[in-house]
Each structure stands twice: as C-alpha cells, then as structure tokens.
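J.:
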Amino acid sequence: MDQQLLIFVTVAERQNFSRAAEELHMTQPSVSQYVQALERSLGTRLLDRNNKYVRLTKAGEIVYHHAKEILHLSARMRNMVDELINVPSGELSIGASYTFGEYVLPHAIARLRETYPLIKPSIIIHNTTEIVELVVKRELDVGIVEGDYRHEKAVFEPFGDDQMYLIVSANHRLAQKPNLSAGDLQGETWIVREKGSGTREATEKMFASLSLSPAHIMEFGSNQIIKESVEAGLGISFLSYYAIRKELLLGTLHLLPYPGIPITRTFSLVTQANALQTKALAVFLDLLRSMDRLT
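Heads up, my numbering is the position in the sequence shown plus 3, with the first residue counted as 1.
Encoded structure:
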C-alpha cells in the first residue's frame, strides 16, 4: 500500500507520469499500473489525465492529503523501530520562525551534526502562524517560534529568551539625540513584519506598552529587508538582538535607548500533542534545552 501511495503522490506532485517514472526509477507503464490499482481499490478515479495534463480529482485531493500523512507516519514508524537498535538517525523535519530560523538555528544544526551525523535535518522557515499549522498537520516534527502563540492541538515549551531593541540607521537624526520622547517615536515611519509573525506580535505589544500608534507603517516579509531598509534611512524598527548583532558590530545600525526597552520575549518549542518522539527528535530537543546561550 505504501508503494501505491508513494507513486500516486509523486505523479500528483509532478503532474506527469513520465516525470514521476523518471524520479522513481520505474517505467511509465509500471507507474500507470500502480495508480490504476489504487483507483480500483478505492472504487473511483483519482486523476484526470490527457495528453496535456494530469490533475487531481476531488477524490484525488482527499487521497493525496491523507497519503502524505500516511507516508510520513510510515517513515516515522520505521525510524523509531530502527532507532531502538541503532544510534539516532533518519530524517528530522524542523520548522522555525524567521528570527530563530535565520540567525540561531544554523548554529544548533551544526552542533547536532557534530554529535549525530546520521540525523538528516530538513528546515522550513516561515512566520510563527504557518510553522504551528505545519506541526499540527504533522508535516513538521518540531517547530521553534516566538511569542505567545497557542494552538489546542500543539504543545508549547519555552526554552530560551530573546531581547528586542529599537533600531535606526547609524546616520539617522535620532541616533544623535540623547533623550527621546514619545513624540520622536510617534512621528517616525515604522518598518514592521507581516501579521502572523512573532516579531510583528512583539512590535504591537511594544506599541501598546509605550502608548504609541504610529501613522506611518511599512510592512515587509523578512528581517533582512527590514534591516536593509533601516540602514538606508527609510525608518525605524524593532528587532531581535540576534537579527541585528552583526550590523551593530559593523556600526551600520544604532540602538535607541528608551525607557522599557529592550523587551524580552520567549522562544518556544512546538510539538504535536500526544505524539511519540523519534530518538532523532528527542536528542535535538535536548540539545536546544541544554544550550546556555542560543548561539
């Protein structure tokens, strides 16, 4: 059954029997036979196909979604059985929000690979909301996110702190001003992350705590674009120390001192509720928990 599902999923994703056969190292007639056998067992067509395209039917969409989960669970089962008699190994799917994923996670993966070279991590970087959803749908083994996001089907475990700072270009007029007022901050153009990100959540909480409601806001989808925009003098922002430390050393960004800043937030591990852990996942979680500093 796993073989049928794997072949069906590959055809659906490649939208072509020939490309699927090439990827699977099979002949095209063999691929067609497996798909037809799956359709017969389910009593319905799963794919609409002609000379121009291969597309999922409505039934095919249902089977595709569940087949992906079945194949993931099957691989997970095999990994867990294998790990009972061997060292931690196998695939480990990790998702992280942008700040942790871009600036901290690479260091953690390097430590993991040094100790457990047979573990094969794959990484997805997205905003907090999307990472949590992927964990809940079992498309990720673990997520690392920022802020206070919660989901009834996921378990959240705080494991590290992050400090958030106000930043401007080193040449910005506010960089030379010793005593900032709320009016100074209110009148600036603020460059912020998109809704759904942990950094945006932290920014909005900071606005509320400082009683700010800026009229001019520019919204960008990554920390790197925000840093480049701030360096170019387009405005002011609020970012993690991990995201800006290199620019601070280079002198291209400047921290703005202000009462109540920096603000501390928490990084959390996100796992599936009531899910068994592979040994690979367990050692990775232990590694993150034991890091005195995140980098």
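Quick reminder that beta carbons are idealized off the backbone N, C-alpha and C, glycines included. As the structure is a computational prediction, the values presented were derived from the model and not from experiment.
At which residue ranges does the stretch 135-193 contain complete beta strand (DSSP E) runs of 3 or more residues, listed in the order of the chain?
T.: 145-149 and 157-172
J.: Within 10 Å of its beta-carbon, does Ala246 have 16 or more other beta-carbons around it, so buried, or fewer, so exposed?
T.: Looking up residue 246 in the sequence shown gives position 243. Classification for Ala246: buried.
J.: So Pro109 is in the alpha helix (DSSP H); what residue range does that whole segment cover?
T.: The count along the sequence shown starts at 1 and reaches residue 109 at position 106. Looking at the DSSP string, the run of the alpha helix (DSSP H) that includes Pro109 is Leu108 to Thr118.
J.: Let me know if Val135 comes out buried or exposed under the rule of 16 or more other beta-carbons within 10 Å of its beta-carbon.
T.: Taking the first residue of the sequence shown as 1, we reach residue 135 at position 132. Flag for Val135 reads buried.
J.: For Leu290, name the three-state secondary structure that DSSP assigns.
T.: If you number the sequence shown from 1, residue 290 lands on position 287. Helix at Leu290.
J.: Does DSSP classify Leu8 as helix, strand or coil?
T.: Position 5 of the sequence shown, counted from the start, is the residue given in the question as residue 8. Leu8 falls in the helix class under three-state DSSP.
J.: Report yes if the CB atom of Thr118 is closer than 8 Å to the CB atom of Tyr152, and no otherwise.
T.: If you number the sequence shown from 1, residue 118 lands on position 115. If you number the sequence shown from 1, residue 152 lands on position 149. The answer is no: Cβ separation not under 8 Å.
J.: So what's Ser21 in DSSP terms, helix, strand or just coil?
T.: For the purposes of this step, residue 21 is identified with residue 18 of the sequence shown, where counting begins at 1. The answer is helix: DSSP assigns Ser21 an H, G or I state.
J.: Take His219 and list the residues in its own chain whose beta-carbon comes closer than 6 Å to its own, dropping the five residues that flank it on each side.
T.: Position 216 of the sequence shown holds residue 219. Once the five neighbours on either side are set aside, the close Cβ partners of His219 are Thr192.
J.: Could you tell me the distance, in whole angstroms, from the CA atom of Glu197 to the CA atom of Val57?
T.: As a position in the sequence shown, residue 197 is number 194, starting the count at 1. As a position in the sequence shown, residue 57 is number 54, starting the count at 1. Roughly 35 Å between the two C-alpha positions.
J.: If distances are taken between C-alpha atoms only, which option among Ser172, Ala278 and Ile127 comes closest to Phe103?
T.: In the sequence shown, the residue the question calls residue 103 occupies position 100. Answer by Cα proximity: Ile127.
J.: Would you mind working out which of Phe223, Asp5, Tyr67 and Phe241 sits nearest Leu259, comparing C-alpha positions?
T.: Reading the sequence shown from its first residue, position 256 is the one you call residue 259. Among Phe223, Asp5, Tyr67 and Phe241, the Cα nearest to that of Leu259 is on Phe241.
J.: Cα-Cα, which of Val90, Leu115, Lys156 and Ala178 is closest to His257?
T.: Along the sequence shown, one-based indexing puts residue 257 at 254. Of Val90, Leu115, Lys156 and Ala178, the residue nearest in Cα terms is Ala178.
J.: So, for Gly98: in the same chain, excluding its five sequence neighbours on each side, which residues have a beta-carbon less than 6 Å away from its beta-carbon?
T.: Reading the sequence shown from its first residue, position 95 is the one you call residue 98. Only Ile127, Ile134, Leu137, Leu143 and Gly146 meet the Cβ criterion.
J.: Count the other C-beta atoms from every protein chain shown that fall within 10 angstroms of the C-beta of Thr13, then say buried if there are 16 or more, exposed otherwise.
T.: Taking the first residue of the sequence shown as 1, we reach residue 13 at position 10. Burial call: buried.
J.: In or out: Val84 buried (at least 16 other Cβ within 10 Å) or exposed?
T.: Indexing the sequence shown from 1 puts residue 84 at position 81. Exposed, because fewer than 16 other Cβ atoms sit within 10 Å of the Cβ of Val84.
J.: Would you say Ser301 and Val148 are within 8 Å of each other, going by their C-beta atoms?
T.: Only positions 4 to 298 of the chain appear in this structure, which leaves residue 301 out of reach.
J.: Between Ser35, Ser21 and Ile266, which lies nearest to Ala211 when the distance is taken from Cα to Cα?
T.: The count along the sequence shown starts at 1 and reaches residue 211 at position 208. Taking only the C-alpha atoms, the option nearest Ala211 is Ile266.
J.: Distance check for Tyr67 and Glu26, CA to CA, integer angstroms please.
T.: Residue 26 sits at position 23 when you count from the first residue of the sequence shown. Residue 67 sits at position 64 when you count from the first residue of the sequence shown. Each residue's alpha carbon lies about 18 Å from the other.
J.: What do you reckon, are the CB atoms on Leu8 and Leu74 nearer than 8 Å?
T.: Locating residue 8 in the sequence shown gives position 5, where the first residue counts as 1. Locating residue 74 in the sequence shown gives position 71, where the first residue counts as 1. Yes, the Cβ-Cβ distance between Leu8 and Leu74 is below 8 Å.
J.: Would you tell me roughly how many angstroms separate the C-alpha atoms of Val273 and Asn54, rounded to the nearest one?
T.: Taking the first residue of the sequence shown as 1, we reach residue 273 at position 270. Taking the first residue of the sequence shown as 1, we reach residue 54 at position 51. Cα to Cα, Val273 sits roughly 44 Å from Asn54.
J.: With burial defined as no fewer than 16 other Cβ atoms inside 10 Å of the residue's Cβ, what is the status of Gly150: buried or exposed?
T.: Taking the first residue of the sequence shown as 1, we reach residue 150 at position 147. Classification of Gly150: buried, given that the 10 Å Cβ count is 16 or more.
J.: Check this for me: beta carbons of Arg248 and Met167, under 8 Å apart or not?
T.: As a working mapping, residue 248 is identified with position 245 in the sequence shown. As a working mapping, residue 167 is identified with position 164 in the sequence shown. Not a contact, by the Cβ cut-off of 8 Å.
J.: Does DSSP put Val90 in a helix, a strand or coil?
T.: Position 87 of the sequence shown holds residue 90. For Val90, the three-state secondary structure derived from DSSP is coil.
J.: Within its chain, find whatever has a CB closer than 8 Å to the CB of Ser21; leave out the 5 residues flanking it on each side and keep chain order.
T.: As a first step, residue 21 is located in the sequence shown; it is residue number 18 there, counting from the start. Cβ neighbours of Ser21 beyond the five flanking positions: Gln31.
J.: Which residues mark the beginning and the end of the alpha helix (DSSP H) in which His44 is found?
T.: Position 41 of the sequence shown, counted from the first residue, corresponds to residue 44. Position check: residue 44 holds Ser in this sequence, whereas His was assumed. It spans Gln31 to Leu45 - the alpha helix (DSSP H) in which Ser44 sits, taken as one unbroken run.
J.: Just curious, the alpha helix (DSSP H) that Lys123 is in, first and last residue?
T.: Position 120 of the sequence shown, counted from the start, is the residue given in the question as residue 123. First-last for Lys123: Ile122 to Ile128, but that is the beta strand (DSSP E), not the alpha helix (DSSP H).
J.: Based on DSSP bridge pairs, tell me the residues matched to Glu222.
T.: Against the sequence shown, residue 222 aligns to sequence position 219. In DSSP, Glu222 forms a bridge with Val195.
J.: Please say whether Ala111 and Leu279 have beta carbons closer to each other than 8 Å?
T.: The sequence position of residue 279 within the sequence shown is 276, counting from 1. The sequence position of residue 111 within the sequence shown is 108, counting from 1. No, Cβ-Cβ distance for Leu279 and Ala111 is not below 8 Å.
J.: What is the rounded straight-line gap between the Cα of Gly19 and the Cα of Glu160?
T.: As a first step, residue 19 must be located in the sequence shown, where it is residue number 16. As a first step, residue 160 must be located in the sequence shown, where it is residue number 157. Looking at the sequence shown, residue 19 is not Gly but Asn. Whole-angstrom Cα-Cα distance: 43 Å.
J.: Among residues of its own chain, excluding the 5 on either side of Ser172, which ones have a beta-carbon nearer than 8 Å to its beta-carbon?
T.: As a first step, residue 172 is located in the sequence shown; it is residue number 169 there, counting from the start. For Ser172, where only same-chain residues beyond five positions count, the Cβ hits under 8 Å are Ala178, Val233, Glu234, Ala235, Gly236, Thr255, Leu256 and His257.
J.: Going by beta-carbon coordinates alone, are Glu105 and Asn226 separated by less than 8 Å?
T.: Here residue 105 refers to the residue found at position 102 of the sequence shown. Here residue 226 refers to the residue found at position 223 of the sequence shown. In contact: Glu105 and Asn226 (Cβ atoms closer than 8 Å).
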